[in-house]
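In my numbering, the protein residues as written are 83 to 389.
Idealized CB from N, CA, C, for every residue including glycine.
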Amino acid sequence: MDFIQTVFTSFVALIPVTLAQSLILAFVVLGIMIPFRTLNFPDLTSEGAFPLGGCVCGVLLASGASPLTALAVALIAGFLAGCCTAFIHLRFRIHTLLAGILMMTMLYSINLRIMGKSNLSVFGAPTVFDWAPFVQPGFPFAKIIVAGLIGAVIFILLNMFFKTEKGTAIRAVGANPDMAEAQGINVWVATIGGVGLASAFSATSGALMVQSQGFADVNMGLGILINGLAALMIGEAIVGKQTVLRQLAAPFVGAVVYYQLVSFCLAAGMPPPDLKLATGLFVLAMLALPSLKRSRGPAQARETIRE
83 MDFIQTVFTS FVALIPVTLA QSLILAFVVL GIMIPFRTLN FPDLTSEGAF
133 PLGGCVCGVL LASGASPLTA LAVALIAGFL AGCCTAFIHL RFRIHTLLAG
183 ILMMTMLYSI NLRIMGKSNL SVFGAPTVFD WAPFVQPGFP FAKIIVAGLI
233 GAVIFILLNM FFKTEKGTAI RAVGANPDMA EAQGINVWVA TIGGVGLASA
283 FSATSGALMV QSQGFADVNM GLGILINGLA ALMIGEAIVG KQTVLRQLAA
333 PFVGAVVYYQ LVSFCLAAGM PPPDLKLATG LFVLAMLALP SLKRSRGPAQ
383 ARETIRE
């Protein structure tokens, strides 16, 4: 009983911190969802775009730039990285996963060049979280308010965009590129723009994370892709993916739930090194579950016929 009470107390104490972190990392999950679901473009650029945005933001903050400027430049840098991945795939006919791996590998060296070293401290620099109303800057509630407001604005704008002609064109390319091209849609523009947009969100998440934690590191994106996939699987299991609204809501819902589960595991005493193994097994289970259900159906039908 004492153990349960201790775990519960620790978990409740961590909720504000993990909620703030999950709202920031929800943008990475969004950057993973758009290529995978909307464009049918499996992509690994997010794992490189996330630290790219963080490194760009860290250097600009260290040089005295405003946090909003640092955030905007990081977004542009991420957009360009995603455009390069899509261009490599389209121009040289390289598989999307390999193109993403190539870009992710090159971005590691680029991030080192940007910062000039492997990590950079920006502790004490102004951040967008200092602008949160009615709360003291630096506390988790300030980060929750600012990250939540940014997420809400992006959610509304994306929902409106994907219902426009250009947004519908991107969705059409993801559904059937040959048919979309036959209808006069420029597949190159839609693919490059969509993947660039996704990487822009990943870079924005990295920039927000640097402003939140006070330092940038070239290895800060290590494992972020598998965490994002896990969050996306959870979100889709909860809200579904049948409509545009649900597809956009899944990253935010999944990120919040996933990082609360991680927080609960840590509060229960799970060693931090085991979290990667647990995350990988969870993603494997979520991906394998639909195929297991489909394979079970014919087996049950055969058993019924024999009876």
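- Ranked by Cα distance from Leu-107, the options Val-292, Leu-126, Pro-353, Leu-363 are led by Val-292.
- Ile-170 is positioned such that its CB atom lies closer than 7 Å to that of Ala-181.
- The C-alpha of Ser-191 is placed about 18 Å away from the C-alpha of Ala-289.
- Here Val-277 is near Thr-167, since their CB atoms are less than 7 Å apart.
- At the C-beta level, Leu-189 and Gly-130 come within 7 Å of one another.
- Shortest Cα-Cα distance from Gly-140 to any of Gln-295, Ile-308, Thr-100, Ala-370 involves Gln-295.
- Minimum Cα-Cα distance from Thr-100 among the listed residues Ala-207, Leu-126, Tyr-341 corresponds to Tyr-341.
- If you look at Leu-142, you'll find it isn't in any beta strand (DSSP E); it sits in the alpha helix (DSSP H) that goes 128 to 144.
- Look at the beta carbons and you see the region 249 to 258 touching the region 268 to 285: at least three pairs across the two are nearer than 8 Å.
- For Ala-280, the three-state secondary structure derived from DSSP is helix.
- Bounds of any beta strand (DSSP E) do not take in Ala-181; it lies within the alpha helix (DSSP H) bounded by 178 to 197.
- Distance check between Phe-118 and each of Phe-161, Pro-98, Ser-373, Leu-314 places Leu-314 closest, using alpha-carbon atoms only.
- The Cβ atoms of Phe-109 and Thr-286 sit closer than 7 Å to each other.
- Apart from the 5 residues on each side of it in sequence, Leu-194 sits with its Cβ closer than 8 Å to the Cβ of Ser-200, Val-300 in its chain, given in chain order.
- Counted as a single uninterrupted DSSP element, the stretch harbouring Asn-241 is not any beta strand (DSSP E) but the alpha helix (DSSP H) occupying residues 222 to 243.
- For Val-204, the closest alpha carbon among the candidates Leu-143, Leu-184, Met-242, Phe-237 is that of Leu-143.
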